[in-house]
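Below: the structure, in structure tokens.
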Amino acid sequence: MAIAEKTVEAQARKAGGKNDAKRVRKTGMVPAAVYGAGKDPVPVSVDPKAVSKILRSESGHNTIFDLSVSGSAEKVMIVDWQYEPIKGHLLHVDMKRIAMDKVLRVSVPVVLKGAPEGVKTEGGILEQLVREVEIECLPADIPTAITVDVSGLTFGQNIRVSDLAHGDKLKFLTDEDQMVAHITHVKEEVVATPDAVAAEVGATPTEPEVIKKGKGETEGAEAAEAPAKGEKSEKKK
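So in our numbering, spot 13 of the sequence shown is number 45, and the numbers just go up one at a time.
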């Protein structure tokens, strides 16, 4: 379940531009906004450590937590965030109000469990093609992850979204026929022998050179022969 019991404190602030955001960050807080549930967006500032802790938790951005603004708390979820690319400091956070009695559309990670038989005994490698699936459910039913056992997977077999654990509380929005994982062969690199490389390198330029040289000699011979005939004809005259 992706619901945190801890409450994150926030302070109301006036909406502004980049300079106002910089002033907020200088106080050790980060600018944020709360919206949704048919209410007006509210600009706030939050503790970046508290937000980062939620993002690094097992349920990550799918975590539903209480946000307290001026003593009034409401359920929210982080929907967008921005980190500074060089130092990695949190710069901004967007949060959405959550109604616990209304379904949500979220992306949940897919976790593969077990050592596949095709890897252990057949020399293959496990390839995961889908790492997240989109589902729809009530906030209280959001799973931390969807785990699938791949220990029996061999060559020629695959796991699709339809093979993942389904329940009455979850509605899968990702295509049920989408392949999630399979066993594939190890790709072998073809390494050319030194003799083959030498033969290929030596053979490639040789033919054009012969053609060019032969053509040049022919043209040169015709060019040399033409004036010679001309000279003879002049002498006859």
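We treat Cβ as the ideally placed atom computed from N, Cα and C, and that holds for glycine.
All values reported here derive from a predicted model rather than from experimental measurement.
Here the C-alpha atom of Asp126 lies approximately 42 Å from the C-alpha atom of Gln189. When DSSP states are grouped into helix, strand and coil, Val83 belongs to the helix group.
Comparing C-alpha distances from Pro175 to each of His217, Tyr67, Pro141, Asp98 shows the shortest one belongs to Pro141. Under the three-state reduction of DSSP, Arg88 is assigned to coil, being neither helix nor strand.
In the assembly as shown, Asn51 is an exposed residue. Its beta-carbon has fewer than 16 other beta-carbons within 10 Å. Take the alpha-carbon of Ser194 and the one of Glu208: they are about 5 Å apart. The Cβ-Cβ distance between Pro63 and Val74 does not fall below 7 Å.
Within its own chain, the residues whose Cβ lies closer than 7 Å to the Cβ of Thr216, once the five positions on either side in sequence are excluded, are Gly156, Ile157, Glu159, listed in chain order. For Glu37, DSSP assigns no beta-bridge partner whatsoever. Non-local C-beta neighbours of Asp112 in its own chain, meaning closer than 7 Å and more than five positions away in sequence, comprise Asp126, ordered along the chain.
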